[in-house]
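A short worksheet on the structure shown next.
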Amino acid sequence: VALLRSRRGDRAELAGLRRAGEMIRHAEEGILTVSPRGELLSLNPAAEKLFGYRTGEVAGQPVTLLMAEAAPQDRPNPLRDSLPSGSILGLSAGAREVIGKRKNGETFPLELTGNTMLLGEDAVSVAFVRDVSKRKRAQRYLIAHYAATCVLAEAGSLADAVPRILQAVCEALQWEVGTFWRVDAASG
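For the sequence shown, my numbering gives the first residue as 55, with consecutive numbering after it.
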């Protein structure tokens, strides 16, 4: 009877492991496993698609092949820093932003969360990664909108506001040049 219970328990455990494997394979987030030495152990299919590498190409390579620390902001920007875009369209709790590096050399903003767990006697870090390019673009648009609204609220005239709006929008959207055209109503 005890042997029968043990076999049922083994089957249930095996079924649980299979389900866990299927969840990892079908997860929409990229999942990486990393050794205590910072070497990549595995990538799930979503991570393979995100970075452009297959697990066999990166196993044993340093995790820095796929990620780098995000550079600190070059200079303070009071408008950007005062807007609560991080809380509106920001990172998940406990996450941080790093720079992702694709196989083709392209870099992109990456949200990273993770934890360390023991597998037998070995510690393994599990990282969950997500491309946040669309979120970062939405944050820049939100900052540009907020900047234009603040300038308009404070300006005495449209002539005073236009140069400041152009500057704020260009900074927020990372444009090098912006221009304003005014239609002359008298010329039709």
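Glycine included, C-beta positions come from ideal geometry on N, C-alpha and C. Here the structure is a predicted model, which means the values were calculated and not measured.
Asked                                                                                                                                                               : Found
Taking C-alpha atoms, which residue in SER89, PRO163 and SER96 lies nearest to LEU121?                                                                              : Note that residue 121 is Met in the sequence shown here, rather than Leu. With distances taken between Cα atoms, MET121 lies closest to PRO163.
Sorted by chain position, which residues of the same chain lie with C-beta nearer than 6 angstroms to ARG150's C-beta, five sequence neighbours on each side aside? : LEU166
Mind checking GLN228: buried by the 16 CB within 10 Å criterion, or exposed?                                                                                        : exposed
Are ILE85 and ALA215 close, meaning C-beta to C-beta below 9 angstroms?                                                                                             : no
To which residues does DSSP link ARG155 through a beta bridge?                                                                                                      : Arg is not the amino acid found at residue 155; the sequence shown has Lys there. Paired residues: THR161.
Entirely within the stretch 79-135 and at least 4 residues each: give me those alpha helix (DSSP H) ranges in chain order.                                          : 99-105 and 109-112
To the nearest angstrom, how far is the alpha carbon of GLY75 from that of GLN193?                                                                                  : 35 angstroms
What is the DSSP secondary structure of SER179, counted as helix, strand or coil?                                                                                   : strand
From ALA177, LEU196, ILE153 and VAL117, pick the residue whose C-alpha is nearest to that of ALA125; which is it?                                                   : ILE153
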